[in-house]
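Residue numbers (the working numbering): 159 to 803.
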Amino acid sequence: MSYLEELNNIQLGAVDHDEGPALVLAGAGSGKTRIVTYRIARMLERGIPASAILAVTFTNKAAAEMRDRVERLTERLTDGFKKHYVTISTFHSLGVRILRESIAALGYGRDFIIYDEEDSIKLIRSCLIALDIKDKDLQPKMFKQLISGHKNKLLPPGAEECRRLGPKKAQAFPYVYSMYQAKLEEYNALDFDDLLFVTVRLFRECPDVLKLYQDRWRFLLIDEYQDTNAAQYALVKMLVEKTSNIFVVGDPDQSIYSWRGANIENILNFEKDYPGAKVVRLEQNYRSTNTILEAANRLIKYNSGRYEKELWSSLGYGEKVVTHSGYNEYDEADFVCDNIEKHYNEMGILRKDMVIFYRTNFQSRIFEDVLLSRQIPYVVVGGVSFYRRREIKDILAFLRIVISGADFISFMRTINLSKRGIGEATIKKIFLAAEKEAMPVVDFCDSVIKGEKTLPGSRFSSRQKNGLESYIAVIRELRAIAAEAPLRMIVDAVVNKTQYNEVLKADPETYSDRKANVEELIHKAAEWEDRNENGGLEEFLEELSLRSNLDDVDDSHDRINLMTIHNGKGLEFRAAFLVGMEEGLFPHINSSNTLEGLEEERRLCYVGMTRAKEFLYLSASRYRTLWGDFKTMKRSRFIYELKQK
159 MSYLEELNNI
169 QLGAVDHDEG
179 PALVLAGAGS
189 GKTRIVTYRI
199 ARMLERGIPA
209 SAILAVTFTN
219 KAAAEMRDRV
229 ERLTERLTDG
239 FKKHYVTIST
249 FHSLGVRILR
259 ESIAALGYGR
269 DFIIYDEEDS
279 IKLIRSCLIA
289 LDIKDKDLQP
299 KMFKQLISGH
309 KNKLLPPGAE
319 ECRRLGPKKA
329 QAFPYVYSMY
339 QAKLEEYNAL
349 DFDDLLFVTV
359 RLFRECPDVL
369 KLYQDRWRFL
379 LIDEYQDTNA
389 AQYALVKMLV
399 EKTSNIFVVG
409 DPDQSIYSWR
419 GANIENILNF
429 EKDYPGAKVV
439 RLEQNYRSTN
449 TILEAANRLI
459 KYNSGRYEKE
469 LWSSLGYGEK
479 VVTHSGYNEY
489 DEADFVCDNI
499 EKHYNEMGIL
509 RKDMVIFYRT
519 NFQSRIFEDV
529 LLSRQIPYVV
539 VGGVSFYRRR
549 EIKDILAFLR
559 IVISGADFIS
569 FMRTINLSKR
579 GIGEATIKKI
589 FLAAEKEAMP
599 VVDFCDSVIK
609 GEKTLPGSRF
619 SSRQKNGLES
629 YIAVIRELRA
639 IAAEAPLRMI
649 VDAVVNKTQY
659 NEVLKADPET
669 YSDRKANVEE
679 LIHKAAEWED
689 RNENGGLEEF
699 LEELSLRSNL
709 DDVDDSHDRI
719 NLMTIHNGKG
729 LEFRAAFLVG
739 MEEGLFPHIN
749 SSNTLEGLEE
759 ERRLCYVGMT
769 RAKEFLYLSA
779 SRYRTLWGDF
789 KTMKRSRFIY
799 ELKQK
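Laid out in structure tokens, this is it:
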């Protein structure tokens, strides 16, 4: 059987496209990766040299999978005697390849080094020192995030947009960005974003270099085109300027990464950018039942920024989409777990074929608690279990120090939260001296501050002494609170007295999620206290220690998947549970204030729904403890929209 006979008529029309621009609108589950690989095979079969074809995608995993599929497919066509070395690459790997060959035209050496995130932040920190910027609100990670955003938008230092920031940032950022970029050039180094930013600059400033690559790659294929940012868009546009032989596959309805810089307008404007482009709609879904697809179709039609298409399936209608409103988040979690057990015990659906999708990471905690209590194995995919998240472990370490000043592991974790200038060598000396004196480490440090003990072979600097004094003072204060206050107030006091919020602010990119996790821990403490009238801080920590290690006990690979919907893109499950379907949670409060933000939230819901093959559940709570308050919740508008005829 010919490989082309494996395609339906619409897919065949896309694969068989000759020359010129083409846009394949590949709906969820419609076999889009197959289209790209079969298109490459068809081009080779027609005599187009492998060296003239360039295929680009976003991740190394996707590129490797595409490369493997092309290799297996072309072996079928040639009986394995002829290898076809098509260039299949990620955008950033493509940038590296071009720059290694041609960056000398910009004055760099070809042996440039590539800085990772840590290298970049160290360089920014040195720039802040050189510029005498000491404001605690202006952290290296914050500047790195801003620089990355500007490079992905192709904005060089000095661009007007660089000044459209808050007052402090607007004043400092242009200088930091300029010095950072100058230092990179001085060190013959590029950061990760430069791999595209500098490649675009190379093409713009050196037309002869651009022509070299235009002549080399006469046919360009791009997967997941809806996820391209400004730099990727410009790079592609220049490469195909002469031939317009661009073949892109994507789906505006699955564009969910604007926070990474993805611009949905790139795919929506494709026909304007490439007049006369062939547009193919892949609407047959090979994954889900028609009941699920019709609900997803109804939902996504509320978006205006899209190409019209209607997903359908030959798999029949199947089970109804189930919506559920629980009294509170625990009632919701019980409903989900009841159905998980029903599918597993009565229908034989493996746990690994089921997923709990949530909008934000802090929502995993309730489900982890209920799954653990029922001894249902689970795995947090693309993230970390709630009780293993850094911020949770930090707060729990402070609580352990409050109970036991001898817990050296917790002392090491907390002593420099916030920074006190006490390095590893000094901490080791403190440990050895406390052991020699047979004293708990906190008591030993207290006696050193009071002058009752000394640290052999070392003297504290004034900064270290002040830092140690402030640390011991906080522990004393927390112990006094712990002796009288209820559990929730103890955990709340740890967060406030240690100024942990300032620690979180050091990483602005993760601040919101991590702050929500800390607030969820406070809520957990309040819940635990309500259920354990005679229990105190020690019992609370003991239970959490057991819970955080339980998932190590079960080696089974058949575990329920827990993940954010963003992490679910490209996956599929026999049963999917979308939880927390409430206004403020989903759509998220930070995204529902603008039409663009709301439409992306709706696309995210659409992506979650279309992961389900047979069973789809959407659940909400009427009441929920959220951000420290017991709130009355309103059902998500998305639930109403997917039901509208």
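Glycine included, each C-beta is placed from N, C-alpha and C at the ideal position. Nothing here was measured: the structure is a model prediction, and the numbers come from that model.
- Unbroken alpha helix (DSSP H) runs of no fewer than 4 residues, entirely contained in the stretch 348-405, are found at 352-363, 365-374 and 388-397, following chain order.
- Under the 8 Å Cβ criterion, the stretch 734-741 does not count as touching the stretch 451-470, having fewer than three qualifying pairs.
- Nearest to MET512 by alpha-carbon distance, out of LEU720, ASN387 and ALA640, is LEU720.
- The beta carbons of SER413 and ASP349 sit no closer together than 7 Å.
- Closest by C-alpha distance to TYR432, out of VAL528, ALA180 and ILE507, is ALA180.
- CA-CA distance, ILE585 to ARG445, rounds to 56 Å.
- GLU627: member of the alpha helix (DSSP H) spanning 620-640, first to last residue.
- Per DSSP, reduced to three states, the secondary structure at ALA734 is strand.
- Three or more beta-carbon pairs separated by less than 8 Å link the stretch 676-696 to the stretch 644-652, which places the two stretches in contact.
- In the three-state reduction of the DSSP assignment, THR191 falls in the helix class.
- Apart from sequence neighbours up to five positions away, the residues of its chain that approach SER576 with a beta-carbon distance below 7 Å are GLN657, GLU660 and VAL661, ordered along the chain.
- Taking all protein chains shown into account, LEU368 has 16 or more neighbouring C-beta atoms within 10 Å of its C-beta and is therefore buried.
- Between the alpha carbons of GLU477 and LEU776 lies a gap of roughly 14 Å.
- One Cα belongs to TYR502, the other to ALA651, and the distance between them is close to 43 Å.
- Taking the Cα of ARG795 as reference, the smallest distance to any Cα among PRO745, ARG374 and ARG617 is reached at PRO745.
- Within its own chain, the residues whose Cβ lies closer than 6 Å to the Cβ of LEU762, once the five positions on either side in sequence are excluded, are ILE414 and ILE723, listed in chain order.
- Judged by DSSP secondary structure, VAL653 falls within the alpha helix (DSSP H) whose first and last residues are 645-655.
- Annotated three-state conformation of GLN297 is coil, per DSSP.
- Burial check for TRP375: the Cβ neighbour count within 10 Å reaches 16 or more, so the residue is buried.
- Straight through space, the alpha carbons of SER531 and PHE773 are spaced by roughly 24 Å.
- The stretch 287-303 and the stretch 394-414 do not touch, with fewer than three beta-carbon pairs separated by less than 8 Å.
- When C-beta atoms of the stretch 505-522 are compared with those of the stretch 667-677, three or more pairs fall below 8 Å, so the two segments count as touching.
- In the three-state reduction of the DSSP assignment, GLY484 falls in the strand class, which pools E and B.
- ARG621 and GLN339 have their C-alpha atoms spaced approximately 33 Å apart.
- Of VAL244, PHE216 and THR217, the smallest CA-CA separation from VAL228 is found for VAL244.
- Setting aside the 5 residues that flank it on each side, ALA262 is surrounded in the same chain by ARG268, each with a C-beta closer than 7 Å to its C-beta; the list follows chain order.
- Residue pairing by DSSP places ARG439 opposite LEU183 in a beta bridge.
- Here the C-alpha atom of GLU627 lies approximately 12 Å from the C-alpha atom of PHE602.
- Within its own chain, the residues whose Cβ lies closer than 6 Å to the Cβ of TYR383, once the five positions on either side in sequence are excluded, are VAL406, GLY408 and ILE425, listed in chain order.
- A direct Cα-to-Cα measurement between VAL479 and CYS495 gives close to 17 Å.
- The alpha-carbon separation between ALA596 and GLU344 amounts to approximately 53 Å.
- Spatial neighbours of ALA555 in its own chain (CB-CB distance under 6 Å, excluding positions within 5 residues in sequence) are listed in chain order as SER568, ARG571 and THR572.
- If you draw a straight line from the Cα of GLY253 to the Cα of ASP373, it is about 17 Å long.
- In its chain, beyond the 5 residues on either side, ILE168, GLY185, SER188, LYS467, GLU468, LEU469 and TRP470 have a beta carbon closer than 8 Å to the beta carbon of GLU441.
- Between ILE561 and LEU702, the beta carbon gap of about 13 Å keeps them out of contact (Cβ cut-off 8 Å).
- For GLN303, same chain residues with a beta-carbon under 7 Å away, outside a window of 5 residues either side, are PRO666 and GLU667 in chain order.
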